[in-house]
Each structure stands twice: as C-alpha cells, then as structure tokens.
Amino acid sequence: MLLRRLLPLTVLMAGLAATPALADLPPVPQVGQETPKPVAAPYGPTEGAQAQVDAAFRTAKETGRNVLIDFGGNWCPDCRMLSGVLALPSVAPWVAAHFVTVMVNVGRINTNLDIAQHYGVTIKAVPTVLIVTSQGRLLNPDGTLELGNARRMSAQAVVDLLAGWNGRGA
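Have a look at this one:
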C-alpha cells in the first residue's frame, strides 16, 4: 500500500531530476539594497509589435520559458520604473532564464491593444503585464494591472509578483 502511494511521487521526482533546465534555473533573486533607476525609453516603436510577440512565442516554445508581455509607453513613469527593476543586475538574469520578454508600445493607449485582447485583457492603464505560457494560456488574469504602481513598489515586491505568476504555469 505504501509503495503504491509513493510511486507517483517517485516518478514525479525522477522526472524533475531528469530535467536539467529546472535544476539550472536561477532562484528568485533577493534584491536587497539595489535601487532601480527608471529606463528612459524602454519601448520601441509601435510598429511591428505583433511580429515581436510572435517571435517571442516561437522562442518560448523552443526554450520552455513563459512570455512576459509588458504593455506600456515611454511617457509612463511606472512603465519606466518597472523596466528599471527588470534591468537590475540581480534581477535581469533571473528574468532572462524564466521569460521571453516583449515590450509592446501602446502609444497613448491607442495602438497595439488588440494583442492584449487576444488574451482576454482590455488595456485601460499601463503598465499592463501579461505572463503567458508558450501555449498561450494567461497565467495572471487577476493581476495584469498590479505592477501599475511600480514607482511605489519595492523591487523585491515586483520580482515576487512575477515569480508567483510564473509559478502558476508549473
């Protein structure tokens, strides 16, 4: 009886141990005293956003990562600060190991909105952040606007939110 209960756990553990990608992923960073600086212009031109998202999903499928889609504008202080957190030396390698990141410029919240609509999200404010599996499942439908206060959040709080959402796909 005990063996029957332990067998599924043993199979699961063997599968995890055989997956080097899981063992090699960096743990959630502890930001400590690092202070993010706002990035001046984190978003590129509004043109070509859908092609960038499509490319991100191709890469995500090849690498087993989720896609982090950050909708915002260079005029937005919270968007610029969020980019600063993601660029911190302790955070950037973790983000790169777990996500394929796409920065989607929404202009003055009047362009590229259809990309978010594809995942059932209506952009009303920025930054709007979607964490999506490579198969297209939105992992944070309840939190797409939670990073909209990035200027007032600690860098650790931002990282912890991203880690929590990312963990939903496991």
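The sequence shown lines up with residues -23 to -1, 1 to 147 when you count with mature numbering (1 follows the signal peptide of the UniProt record, and there is no 0). Ideal placement from N, C-alpha and C gives every residue a C-beta, glycine not left out. A quick note: this is a predicted structure, and the numbers were derived from the prediction, not measured.
Option nearest residue 51 by Cα separation, candidates 139, 141, 104 and 122: 104
Nearest-angstrom beta carbon gap, residue 29 and residue 79 [assumed within contact, 8 Å]: 5 Å
Beta strand (DSSP E) segment containing residue 90, residue limits: Careful: residue 90 lies outside any beta strand (DSSP E), inside the alpha helix (DSSP H) at 90 to 94.
Starting from the C-beta of residue 6, find all residues in its chain whose C-beta is less than 7 Å away, skip the five residues before and the five after it, and write them out in chain order. 67, 68, 71 and 136
How would you call residue 13, buried or exposed, if buried means at least 16 neighbouring beta carbons within 10 angstroms? buried
Short check: CB of residue 43 to CB of residue 143, under 7 Å? yes
Alpha helix (DSSP H) runs wholly inside the segment 22 to 63, at least 4 long, in chain order: 26 to 40 and 54 to 63
Could you check whether the Cβ of residue 92 sits closer than 6 Å to any heavy atom belonging to the ligand ZN? For the structure depicted, the ligand ZN is absent and the ligand set is empty, with no information on it obtainable.
Rounded to a whole number of angstroms, what is the C-alpha to C-alpha distance between residue 146 and residue 36? 17 Å
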